[in-house]
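These notes concern the structure reproduced below.
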Amino acid sequence: MCADIRPGHGLHALQLRLAAATPSRWQDAIIVGERDGWIDVATLDGSVVSLWNHGDLTESVTAGEPVALHTMYNVLAAGPRRFNVLASAA
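Shown next, in the form of structure tokens:
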């Protein structure tokens, strides 16, 4: 567990609560690729976003898996799991 709470590091409890309190900011997406520790997700509006977490998300999610991305608080939801992510345009 990482003590650093910057994007892409540890998920802070407050960050998780704020994401849960703002459901309109979640975007449904599909994992479409991985490269060099980054994963690419395609949102339903057609945009592709690259996500990074220092814990290496490529070991936690697989291509084709449905996920949700909280665009305001940098949270990736994959089933019951939540990750703090750093987002970059793919």
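In terms of the working numbering, the sequence shown opens at residue 35 and continues consecutively. Every residue, glycine too, gets a C-beta built ideally from N, C-alpha and C.
Out of curiosity, what's the CA-to-CA distance linking A172 and R69?
-> A question about residue 172 goes unanswered here, because the residues of the chain that appear run from 35 up to 124.
Would you call the segment 72-79 and the segment 42-59 in contact, with 3 or more CB pairs under 8 Å?
-> Output reads no: the segment 42-59 does not touch the segment 72-79.
Nearest to D90 (by Cα), restricted to the options L120, L48, R51 | In the sequence shown, residue 90 corresponds to position 56, counting from 1. The closest CA to that of D90, considering only L120, L48, R51, is found on L120.
Assuming E99 and A112 form a contact by the criterion Cβ under 8 Å, report the distance between their Cβ atoms to the nearest whole angstrom.
-> Here residue 99 refers to the residue found at position 65 when the sequence shown is read from its first residue. Here residue 112 refers to the residue found at position 78 when the sequence shown is read from its first residue. Yes, E99 and A112 are in contact; Cβ-Cβ is about 6 Å, under 8 Å.
Any idea if L48 is buried or exposed, counting beta-carbon neighbours within 10 angstroms, 16 or more meaning buried?
-> Taking the sequence shown and counting its residues from 1, the one referred to as residue 48 is at position 14. With fewer than 16 other Cβ atoms within 10 Å, it is exposed.
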